[in-house]
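Working notes, structure below.
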Amino acid sequence: MGRGVVSLLDEEHSALVESLWAELESELGLRDLSGRIIPHLSFHVADAYEQQPLQRAAEAFASQHNSLRVNTAGLGIFTGPAPTLYMAVERYPALSNFHEELWAAISDTSQNPSRYYSPENWSPHISLASWTYMSPDLRKRFPDIVAFLLHRPLEWQIGLDNLTLLRSSDETGGSQETVFTVALTKATSPRVDTL
């Protein structure tokens, strides 16, 4: 991901993802994720964004939307030249509507948005391991990583209360950094949109 509009995971689940990465490092030598990737759920990814218009659009959107709860549903793999192992996130109507509305609100601020994140193609997920961030030696151990995580209880309920612009520090898979974060703070209702 070069740049993306995401929700950072809550503290509890960020710590759980980082704990998985620490175990992968101690057991399999996978040192390429911890400290480089910020645990998140992506809504929109593009080559570039006009930062000020995006931030204004994100703030306006966030002021009209409540926080969300999402459920994870085990492991999945995106295949292709850079396979990614991820935790699948159940897609339910309120989450799909949120995503579709966000996509419409911010797409005009982006250059070359990824079609994989468009409303008709989006597969919500939390990345756990990707070839983009692995050395060639670790890529050979991808099946070991899958086997290591296969029997883990990865059915979580996660609160999402923010929109964040993340970017990689370089275009070759460098460390991710936060550009800005806005809270989902619909003022008229304290309820949380849930399944």
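For the sequence shown, numbering that gives the first Met the number 0 gives the first residue as 0, with consecutive numbering after it. Idealized CB from N, CA, C, for every residue including glycine. In this text the structure is predicted, and so the values were computed from the model without any measurement.
Span separating the alpha-carbon of residue i from that of residue j
i	j	result
residue 181	residue 159	12 angstroms
residue 35	residue 185	32 angstroms
residue 87	residue 75	6 angstroms
residue 171	residue 10	For residue 171, the pLDDT reaches just 44, beneath the cut-off of 50, and the residue's location in the model is therefore unreliable, although a value from the coordinates is still provided. Using only the alpha carbons, I get a separation of about 28 angstroms.
residue 153	residue 83	16 angstroms
residue 91	residue 72	12 angstroms
residue 94	residue 135	36 angstroms
residue 115	residue 128	18 angstroms
residue 67	residue 100	14 angstroms
residue 80	residue 64	36 angstroms
For residue i, the three-state DSSP class (helix, strand or coil)
i	result
residue 122	coil
residue 70	strand
residue 177	strand
residue 43	strand
residue 116	helix
residue 13	helix
residue 183	coil
residue 167	strand
residue 95	helix
residue 127	strand
residue 162	strand
residue 134	coil
Beta strand (DSSP E) segment containing residue i, residue limits
i	result
residue 37	No beta strand (DSSP E) contains residue 37, which DSSP labels as neither H nor E.
residue 2	2 to 7
residue 159	156 to 159
Where the alpha helix (DSSP H) containing residue i begins and where it ends
i	result
residue 84	Not the alpha helix (DSSP H): residue 84 falls in the beta strand (DSSP E), residues 83 to 88.
residue 58	50 to 61
residue 142	141 to 148
Residue i vs residue j beta-carbon contact at 8 angstroms
i	j	result
residue 50	residue 178	yes
residue 6	residue 163	yes
residue 165	residue 55	no
residue 70	residue 175	no
(message) With three or more C-beta pairs closer than 8 angstroms as the rule, is the stretch 23 to 30 touching the stretch 132 to 152?
(response) yes
(request) Report yes or no: do three or more beta-carbon pairs, one from the stretch 96 to 111 and one from the stretch 55 to 64, lie closer than 8 angstroms? (result) In short, these stretches touch, since the Cβ pair count reaches three.
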